[in-house]
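A quick write-up on the structure given underneath.
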Amino acid sequence: MASSSLRAIAGSSRAVTASRLAPAAAAPARVLIPSRGYATPSPSPSPSSSPDWSLPEIHVGQTHPSRYGEHYDDTLSSDLLYMTYNHRLAHATPAATPVPEPRTPYELNRPQPLPRGNRPARPSAKVVRPDTIPRLESITIHTMVKEAIGNKQALLSAIMALRAISGETANGGGRSGSSGVQVVISRSGAAAFKLRAGMPVAAKVEIKGPAMYDFIQSLVDFVLPRIREFPGFALPSASAAKTSPSALGGVVSMGLPATAMALFPQVEANLDAYPRLHGFHMYFKTDARGESAQENARALLSGFRIPFHKR
Numbered sequence: 004m005a006s007s008s009l010r011a012i013a014g015s016s017r018a019v020t021a022s023r024l025a026p027a028a029a030a031p032a033r034v035l036i037p038s039r040g041y042a043t044p045s046p047s048p049s050p051s052s053s054p055d056w057s058l059p060e061i062h063v064g065q066t067h068p069s070r071y072g073e074h075y076d077d078t079l080s081s082d083l084l085y086m087t088y089n090h091r092l093a094h095a096t097p098a099a100t101p102v103p104e105p106r107t108p109y110e111l112n113r114p115q116p117l118p119r120g121n122r123p124a125r126p127s128a129k130v131v132r133p134d135t136i137p138r139l140e141s142i143t144i145h146t147m148v149k150e151a152i153g154n155k156q157a158l159l160s161a162i163m164a165l166r167a168i169s170g171e172t173a174n175g176g177g178r179s180g181s182s183g184v185q186v187v188i189s190r191s192g193a194a195a196f197k198l199r200a201g202m203p204v205a206a207k208v209e210i211k212g213p214a215m216y217d218f219i220q221s222l223v224d225f226v227l228p229r230i231r232e233f234p235g236f237a238l239p240s241a242s243a244a245k246t247s248p249s250a251l252g253g254v255v256s257m258g259l260p261a262t263a264m265a266l267f268p269q270v271e272a273n274l275d276a277y278p279r280l281h282g283f284h285m286y287f288k289t290d291a292r293g294e295s296a297q298e299n300a301r302a303l304l305s306g307f308r309i310p311f312h313k314r
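Taking my numbering, the leading residue of the sequence shown gets 4, the next gets one more, and so forth.
Pasting the structure below:
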């Protein structure tokens, strides 16, 4: 009995010693990554429950200085003030709008009639001051794809090229005003061209802010100097009307052939990715209005080294 009890005590002491010398079991690793709702579902999910985290809103700011934007602020704005200042408009007294006398008592409180004629009223000339110097507002690039009438997939190459040239996407960088590349549909049909109203036939993109100065830099530095026998964009003839809606709107339009689209560095780097390139039109919209608005807009573009020539 004594020997058996001694053996039991010795065995228990050896077991306790072994348990003390044995390495402790590794503790379970802690996961530092926040768990998503779909990875570890809760035992009692509810429709109102949300994930543990959400992606923050990304707003892309200015990543590099704008050469042409700084050129306008430092040099071009003062030159335009000297070139476009009109002493007569700056000191002219605005004429009061004539109010017709009511012919009968019933016409006393009636609203004023609309102006007669088939043309809208001319915008009043904008007085050029240091705070109202002509400024570029936006650039619209438009291309029409004739092959899209029979095959809608022909628009894909034009959409890809416009997106590469402009760098614009819908609400890109958190900008709510960015519309990206848009597909243009026809408003009316033409039986001779098998065109029906509502068919997608073109694409356009509007560029604003610093991106439009980057587009002008690519156009002036890489595209226009490499076009063969390019004299510049033609000016309107001397007999063109000075009071037409286009002359008073402050918008300058110009076009380039399909070979010019391949000269943009954004397209030239991956030229094989575009099955076909197309010609395009560019519309430079300024805030100039009224008399000599289009001439002031051309003076602004010539300051960005865009060439013009007489017919």
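Every residue, glycine too, gets a C-beta built ideally from N, C-alpha and C.
The region 224 to 312 contains, as complete beta strand (DSSP E) runs of 3+ residues, the segments 254 to 259, 283 to 289 (chain order).
With fewer than 16 other Cβ atoms inside 10 Å of its own Cβ, residue 312 counts as exposed.
By a beta-carbon distance limit of 8 Å, residue 148 contacts residue 205. Their separation comes to about 6 Å. Following the DSSP letters along the chain, one finds residue 147 inside the beta strand (DSSP E) bounded by residues 139 to 147. For residue 203, the enclosing beta strand (DSSP E) stretches over residues 203 to 211.
The region 202 to 219 makes contact with the region 139 to 153, as at least three CB pairs between them are under 8 Å. Residue 273 has its alpha-carbon roughly 43 Å from the corresponding atom of residue 293.
Taking residue 255 as the centre and dropping the five residues before and after it, the same chain places the C-beta of 286, 287, 289, 297, 300, 301, 304 closer than 8 Å to its C-beta, in chain order. A straight-line Cα-Cα distance of about 53 Å links residue 152 and residue 103. Under the three-state reduction of DSSP output, residue 83 falls in the helix class. Residue pairing by DSSP puts residue 188 in a beta bridge opposite 203. Nearest in C-alpha terms to residue 133, of all of 163, 84, 219, 170, is 84.
About 11 Å separates the beta carbons of residue 266 and residue 231, which is beyond the 8 Å limit, so they are not a contact pair. CA-CA distance, residue 173 to residue 277, rounds to 21 Å. In this chain, the alpha helix (DSSP H) harbouring residue 159 covers 158 to 169. Residue nearest to residue 185 within the set 197, 196, 194, 161 is 161 (criterion: CA-CA distance).
Looking at the backbone, the Cα of residue 106 and that of residue 112 are separated by about 12 Å.
In the DSSP assignment, residue 71 falls within the unbroken alpha helix (DSSP H) covering 70 to 74. When the beta-carbon positions are compared, residue 283 and residue 78 stay at least 8 Å from each other. DSSP lists 193 as the bridge partner or partners of residue 198. Close CB contacts of residue 235 within its chain, under the 7 Å cut and outside five residues either way in sequence, are with 310, 311, 312 (chain order). Separation of residue 170 and residue 114 (C-alpha to C-alpha, rounded to the nearest whole angstrom) is 48 Å.
Here residue 164 really is in contact with residue 280; their C-beta atoms are around 6 Å apart, less than 8 Å. If you ignore the 5 residues before and after residue 227, its C-beta comes within less than 6 Å of no other C-beta in its own chain. Annotated three-state conformation of residue 111 is coil, per DSSP.
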